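Using my numbering, you'd call the opening residue of the sequence shown number 1009 and step up by one each time. From the three backbone atoms N, C-alpha and C, an ideal C-beta is built for every residue, glycine too. Computed from a prediction, not measured in an experiment: that's the story for all the values here. A short worksheet on the structure shown next.
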Amino acid sequence: MLNFIAANETAAVLEVIKDPSNKVLECNFYTEHSLYFSIKGIPDISFFLVIPVGYPYERLEICQISNGTTVGVAKKSIFNITDTVLMIMMTVCIEFKKPIPSLALKLNFDLYLKWMFDLINFGALKSQ
């Protein structure tokens, strides 16, 4: 059975990824239960997002992959799909000095502002 919440959030994320202003991430593949992103121009660094059948009541799992190997362990995300992808985009933008796509800010502008405040003042993503 199609999870409409996950489908709507995934559609919003894919719209941002496909936007011409996006110079950050590309979606290598997606299904109803997963999204696989890599950094544009650096395909060896990627992120795998697992959407559980019980989403949004079950947490997403995310892991970073480098050269085909998982970096660390998969983490449970306290955020929804759109916020998790926004967090990935912001982290990549800061780390690789790339501009954040303007359409990405529409995913959750208030959370973006909180995260930017934390990054400027504390140096890490702390807001929840």
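{"Check": "Considering just the uninterrupted stretch of the beta strand (DSSP E) at residue 1054, what are its terminal residues?", "Outcome": "1050-1058"}
{"Check": "Use the C-beta contact count for residue 1109: other C-beta atoms within 10 angstroms, 16 or more gives buried, fewer gives exposed.", "Outcome": "buried"}
{"Check": "When DSSP labels each residue in this structure, what does residue 1037 get in the three-state scheme?", "Outcome": "strand"}
{"Check": "On the three-state DSSP scale, how would you describe residue 1066?", "Outcome": "coil"}
{"Check": "Hey, quick one: how far does the alpha helix (DSSP H) through residue 1130 stretch, first residue to last?", "Outcome": "First-last for residue 1130: undefined, no H or E at that position."}
{"Check": "For the structure I just gave you, are there three or more beta carbon pairs, one from the stretch 1071-1081 and one from the stretch 1020-1039, closer than 8 Å?", "Outcome": "no"}
{"Check": "Looking at residue 1089 and residue 1021, is the spacing between their C-beta atoms short of 8 Å?", "Outcome": "yes"}
{"Check": "How is the alpha helix (DSSP H) around residue 1012 delimited, first residue to last?", "Outcome": "1012-1026"}
{"Check": "Specify the secondary structure class of residue 1029 as computed by DSSP and reduced to three states.", "Outcome": "coil"}
{"Check": "Going straight from the alpha carbon of residue 1106 to that of residue 1057, what length do you get?", "Outcome": "22 Å"}
{"Check": "How would you write the range of the alpha helix (DSSP H) that residue 1093 sits in, first residue to last?", "Outcome": "1089-1104"}
{"Check": "From what residue to what residue does the beta strand (DSSP E) around residue 1043 run?", "Outcome": "1042-1047"}
{"Check": "Can you tell me whether DSSP reads residue 1136 as helix, strand or coil?", "Outcome": "Reliability of the predicted coordinates at residue 1136 is poor, the pLDDT of 47 falling under 50, and the value obtained from them is presented with this limitation in mind. Three-state result, residue 1136: coil."}
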